[in-house]
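S.K.: Mapping to full-length UniProt numbering: the sequence shown position 82 is 82, numbers consecutive.
All residues carry an ideal CB built from backbone N, CA and C; glycine is no exception.
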Amino acid sequence: MSDALISAVIMADQVEIVLFCLLIILYGIWNRMWMNRLNGHVTRRKRKRCQQSKLWDGFQHLEEELSDELQEHEAMEKRRRLHMNKAVHAFVHAQRTHSLWTHLTSSDWWDRVACNFTDAQWVENFRMSRETFDYICHNLTPVLQRSDTRFRLCIPVRKRVAVALWKLATNAKYRNVGHLFGVGRSTVCKCVQEVCKAITEILMPIHISIPSAERFAEIAEHFEQVWEMPQCVGAIDCTHIPIVAPQEYHYDYVNKKDWHSVALQVVVDGQCLFWDLCAGFAGSANDSHVIRHSKLWTLASAGNLLPPDTKRIAGQDVGYYIIGGSAYPLQTWLMRPIPDRGRLNNCQHQYNLKLRLTRSVVEDAFKRLKGRWRCLLKRNDCDLHLVVHMITSCCVLHNLCEEHQDDFHEEWLTDKELAQPVHVLPETCPTEGNSIRDALVEYLSL
C-alpha cells in the first residue's frame, strides 16, 4: 500500500473513534436525565401515597384549623380598621385648618372681605342692613345649625343665610355663587332650599299674616288720610314670575304674553307691606281664577277675613274692603273699577281715577320686591317647587326690610321686567257689591 492510502485509513479510524466517544457521552447524558426523571416520578408517587395515608387523619382536624384561621383573620382585620380609624381621627383633629376637602374653592371673600363691609356695602350686596341680617340668622339658627363631622366642618348659619340671600338677590348661577363663597354647587342648592324653607316656616307667620282688628283700623285710617278711600284696608294684585318650562304640563304655565310663569297674588297695606299672599298657580290662570281658589276668598266668603266694623257712607253701611283691578270680581269686600263703555259720568270717572291711584301702592310694592330680589325679575332656573318657596321667602324678606326701614336703591329698578299679562273680567250682573261701590262713588264726588 502506498503512503497516501495508509494515511487515509488512519484518519478514517480516528474519525470513527471520535464519533463513538461522542455517542458514549450523549448516551450518558440521556441516561442521567432519564434516571433523574424516573427518580422524581417515584418520589412523587411515594409522596402522594404518604399524603393519601395522612389525608384521612388530617381531615378531621381541617374544620377546626379553618375556623381558627378565620377567627384570627377577622381579629386582625378588626384591629387594622381600628388602627386606621384612630389614625384618621387623629389626623383630622390635629390638622383642622387643613381640611381634607382641599378641592373646594377658597372662602376668603366671605371670611375676609364681606365681614369688613361698610353698612352701605352690606346693603348693596345683600339687599338689607346688617341688623336685619343678624335678626334673620338669630331666628333661623335653631333649625339651620349643624354639627361638625369627623371629616368635615359644618357651614356656619351666617354663611348659609348669606349664600341663600346672594342667590335670591342676584339670581346668579349656583356655580358662580359657590365660587364666591368657597362651597360646592350642591351646597349652594341645599343652602337655598333650607334657608327658604326655614324663612317660610318660622318668619312668615310673624311677618305676613291677616291683621288684627286694631291693625285693620290703623290701615283703614292710613288709606283714608293718604288716598281719601274710606274703609279700605288693602290693595290686591297679581304678578307673574318667569320660570323655566316644567317637564310636565308645561303648556299650563304659558301666560297670555307667551312666556312660562307662576302667579303671585298679594294684598298690601298702605305702606307696601304684604299681609296676604298666594303663590304657585300656573301662569295660564287669570287673576279671577287665582283669587277664587285662594284661602283669601274662602275666608272672605265665610265672613272670617275682615272685622264687622262699618261706617255710614252716603246713606250706606260700608264695611272694610280691599281694592283690585278689572280682573277681579265685584264683592262687598272687594271693590273694582266701573267698566268704561263710553257712558261713565264725572263721578264714576273720579271713582275709577281714585281707585287707580290708590292701587299704585301694590304696584310700588311689586317694584320694590323685584328690585331687591332679582330672582323674581329674571327667569328662574330652579326647580318649580323650590321657586314657590323662593317667591314666598322673598315676600317675607321684603316685609322685613320695609319694617326695619332698610335703604332701597333706585338703581335696583333699572332692569326692565317682562311684559305682564293683563286680564279683564266683565261684569255680567249686579251684585251686593254694587251698592257699596255706588256709595263710594257718591262719597268721592263730594
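Between which two residues does the alpha helix (DSSP H) harbouring Y249 extend?
M.R.: Within the sequence shown, the letter at position 249 stands for residue 249. No alpha helix (DSSP H) holds Y249; DSSP gives it neither H nor E.
S.K.: With burial defined as no fewer than 16 other Cβ atoms inside 10 Å of the residue's Cβ, what is the status of T118: buried or exposed?
M.R.: Translated into the one-based positions of the sequence shown, residue 118 becomes position 118. By the neighbour-count rule (16 or more Cβ atoms within 10 Å), T118 is not buried but exposed.
S.K.: Going by DSSP, name the residue or residues bridged to G234.
M.R.: The sequence position of residue 234 within the sequence shown is 234, counting from 1. The partner list for G234 (beta bridge, DSSP) reads I322.
S.K.: Who pairs with C278 in a beta bridge, going by DSSP?
M.R.: Here residue 278 is taken as the residue at index 278 of the sequence shown, counted from 1. Q265, per the DSSP bridge assignment.
S.K.: My guess is that V244 and V388 are in contact by the Cβ rule of under 8 Å, so how many angstroms apart are they, rounded?
M.R.: Stepping through the sequence shown from its first residue, residue 244 is reached at position 244. Stepping through the sequence shown from its first residue, residue 388 is reached at position 388. In fact, because the Cβ distance is near 14 Å, the residues do not count as touching under 8 Å.
S.K.: Contact check, M229 vs K354 under 8 Å by CB: the rounded distance?
M.R.: As a first step, residue 229 must be located in the sequence shown, where it is residue number 229. As a first step, residue 354 must be located in the sequence shown, where it is residue number 354. Going by Cβ atoms, the distance from M229 to K354 rounds to 7 Å, so yes, they are a contact pair.
S.K.: In the DSSP assignment, find the unbroken alpha helix (DSSP H) run with R215 in it and report its ends.
M.R.: As a working note, residue 215 is residue 215 in the sequence shown. It spans A213 to W227 - the alpha helix (DSSP H) in which R215 sits, taken as one unbroken run.
S.K.: Taking all protein chains shown into account, do 16 or more other C-beta atoms lie within 10 angstroms of the C-beta of R146, making it buried, or fewer, making it exposed?
M.R.: For the purposes of this step, residue 146 is taken as residue 146 along the sequence shown, with counting starting at 1. Exposed, because fewer than 16 other Cβ atoms sit within 10 Å of the Cβ of R146.
S.K.: For R127 versus R372, is the C-beta spacing smaller than 7 Å?
M.R.: Within the sequence shown, residue 127 is the residue found at index 127, counting from 1. Within the sequence shown, residue 372 is the residue found at index 372, counting from 1. Cβ distance < 7 Å, so R127 and R372 count as in contact.
S.K.: Going by DSSP in three states, I10 sits in which element: helix, strand or coil?
M.R.: What you label residue 10 is simply residue 10 of the sequence shown in a count that begins at 1. Only weak support exists for where I10 lies, its pLDDT of 49 falling under 50; the value from the coordinates is given anyway. The answer is helix: DSSP assigns I10 an H, G or I state.
S.K.: To the nearest angstrom, how far is it from the Cα of N125 to the Cα of K378?
M.R.: As a first step, residue 125 must be located in the sequence shown, where it is residue number 125. As a first step, residue 378 must be located in the sequence shown, where it is residue number 378. So the alpha carbons of these two residues sit roughly 18 Å apart.
S.K.: Which of the three DSSP states is assigned to P205 in this structure?
M.R.: Counting from one through the sequence shown, the residue named residue 205 turns up at place 205. Helix at P205.
S.K.: Y443 to S393, Cα distance in whole Å?
M.R.: Position 443 of the sequence shown, counted from the start, is the residue given in the question as residue 443. Position 393 of the sequence shown, counted from the start, is the residue given in the question as residue 393. For Y443 and S393, the distance between alpha carbons rounds to 39 Å.
S.K.: Between which two residues does the alpha helix (DSSP H) holding I391 run?
M.R.: Mapped onto the sequence shown, residue 391 falls at position 391. First-last of the alpha helix (DSSP H) with I391: L384 to E403.
S.K.: Find out if the Cβ-Cβ distance for the pair V188, V195 is shorter than 7 Å.
M.R.: Taking the sequence shown and counting its residues from 1, one reaches residue 188 at position 188. Taking the sequence shown and counting its residues from 1, one reaches residue 195 at position 195. Result no, Cβ atoms of V188 and V195 do not sit closer than 7 Å.
S.K.: Specify, as a first and last residue, the run of the beta strand (DSSP E) that R312 falls within.
M.R.: Here residue 312 refers to the residue found at position 312 when the sequence shown is read from its first residue. R312 -> beta strand (DSSP E) spans T310 to I313.
S.K.: Check the DSSP bridge columns for D317 and list the partner residues they point to.
M.R.: Walking along the sequence shown from the start, residue 317 turns up at place 317. Answer is R312, bridged to D317.
S.K.: Decide if the region 267 to 276 is in contact with the region 204 to 223; the criterion is three or more beta carbon pairs, one per stretch, under 8 Å apart.
M.R.: Yes, they touch.
S.K.: If you run the structure through DSSP and keep just helix, strand and coil, what is P339?
M.R.: Sequence index remark: in the sequence shown, residue 339 carries index 339 (1-based). Coil.
S.K.: Between the region 223 to 239 and the region 168 to 182, are three or more C-beta pairs nearer than 8 Å?
M.R.: As far as the Cβ criterion goes, the region 223 to 239 does not touch the region 168 to 182, which means the pair count is below three.
S.K.: Cα-Cα, which of I323, R437, A285 and E417 is closest to I313?
M.R.: Taking the first residue of the sequence shown as 1, we reach residue 313 at position 313. The candidate whose alpha carbon is nearest that of I313 is R437.
S.K.: In three-state DSSP terms, what is L425?
M.R.: As a first step, residue 425 must be located in the sequence shown, where it is residue number 425. In the structure shown, L425 sits in coil (DSSP, three-state: anything other than H, G, I, E or B).
S.K.: Terminal residues of the continuous alpha helix (DSSP H) containing R160?
M.R.: Position 160 of the sequence shown, counting from 1, holds the residue named residue 160. First-last of the alpha helix (DSSP H) with R160: V157 to T170.
S.K.: The alpha helix (DSSP H) with H138 in it runs from where to where?
M.R.: Counting from one through the sequence shown, the residue named residue 138 turns up at place 138. Where H138 is concerned, the enclosing alpha helix (DSSP H) stretches over R130 to L144.
S.K.: Return the chain-ordered list of same chain residues with a C-beta closer than 8 Å to the C-beta of Y328, the five sequence neighbours on each side being excluded.
M.R.: Your numbering for residue 328 matches position 328 in the sequence shown. Result list for Y328: I236, D287, S288, I291, L334, R336 and L425, in chain order.
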